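Numbering-wise (this note's numbering), the sequence shown opens with residue 5 and increments by one. Just so it is clear, CB atoms sit at the ideal spot from N, CA and C, and this is done for glycine as well. Please read these numbers as outputs of a predicted model, since none were measured by experiment. A quick write-up on the structure given underneath.
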Amino acid sequence: MPGTTEASYAEAVRLVLGELPDLPHVPEVPGRGVWASMTGRGLAVLDGLAADLQPAGWRLTDVSGVDHRRARSLLAQDLDTVEELAQDYAGAFKTQVAGPWTLAATVEKPRGDKLLSDHGARRELAQALAEGVRLHLADLQRRLRGVDRWIVQVDEPALAAVVDGQVPTASGYGRHRSVDLPEASAHLEWVVTAITEAGGEAWVHSCAPRTPWSLIVDTGVAGLSADLSMLGPEDLDTFAEVLESGRTAALGIVPSTDPEAAPTDARLTERVLRWLDMLGLDPGSVGDSLVITPTCGLAGATPGWSRDALRLGSAVAGHL
């Protein structure tokens, strides 16, 4: 969500609770600084690993630096705000965390270069994330007693680049070797399993092209979340399988930044209906498994459009 101040976080919580009564979420407001960014948030959740902020970005260290401690403190403060404003909420609730491969592609080893370059380091990171997510979900369950369905969205925008060997090296002149698909699947599966064992429901989100959705489905996730315009013909069978099995497909169709001309809810509804027709699915039979979302995060939107985008998504969901 957009915003640059601490007050904007409380505003974001009130907005999602007011506009998304059926599926609110723990907002992220990355405009407040690197401690609130997707990577900073992910590192704040890790269990047993320390980090610090270097000129080149986040790096694992032996002892947590001041920025890592600040990221953890900010997460705790934000959860206090969510607990205060949503204390009477009952129903489904969603939170999200950066996935193991996106973190491995953005965080550096203690001596530099991405964790992605070290087989042991990326394994350790994925295991620390799995345990951290387990503890994070337990904390949320304790704070919001009325929630009967917890959804944890694992954000993996870098997964496609990881498996395609497109992540730049530190010098920028080369690319890290592609990760074998069995390993890519296993690390993601550890996180998915931890969420499930903790009583949550794991969804994986990516708004990047060429995301290996068939690989993701095999990890046992309960839902897929994608920018609809980024899905190719090869993804149709995967999403059809997910919907037919009663799992969730969260379709990103609402612009995530202010459009020159806002689409109408009727136009967006028709777009989803055409897509379902391509899959050979009846909206009446899969409607309970569909979620309508912005194409990606709303952090780059104006506050006015972020509110309009949520309302537009709700309207389309209602029509469907």
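In the DSSP assignment, H123 falls within the alpha helix (DSSP H) that extends over H123 to R147.
In this structure, the CA atom of S210 is about 28 Å from the CA atom of Y93. In this structure, the straight-line span from the alpha carbon of D168 to that of R149 is close to 42 Å. With 16 or more other CB atoms across the displayed protein chains lying within 10 angstroms of its CB, E205 is buried. A contact between stretches requires three or more CB pairs, one per stretch, nearer than 8 Å, and the segment 287-296 meets this requirement with the segment 245-261. Counting the other Cβ atoms within 10 Å of the Cβ of A40 gives 16 or more, which makes it buried. Each of P172, A54 and R153 was checked against the Cα of A162, and the nearest Cα belongs to P172.
Counting only runs of 3 or more residues that sit fully inside the segment 138-201, the beta strand (DSSP E) segments are 151-159, in chain order.
DSSP, read as helix, strand or coil, puts D292 in helix. Around the beta-carbon of E193, 16 or more other beta-carbon atoms lie within 10 Å, marking it buried. Residue state for D222 is assigned as coil, using DSSP reduced to three classes. In this structure L120 is not in contact with V195, their Cβ atoms being roughly 16 Å apart against a cut-off of 8 Å. Between the beta-carbon of E23 and that of R311 there is about 7 Å, and that keeps the pair under the 8 Å contact cut.
Looking at the DSSP output, T297 bridges to G256.
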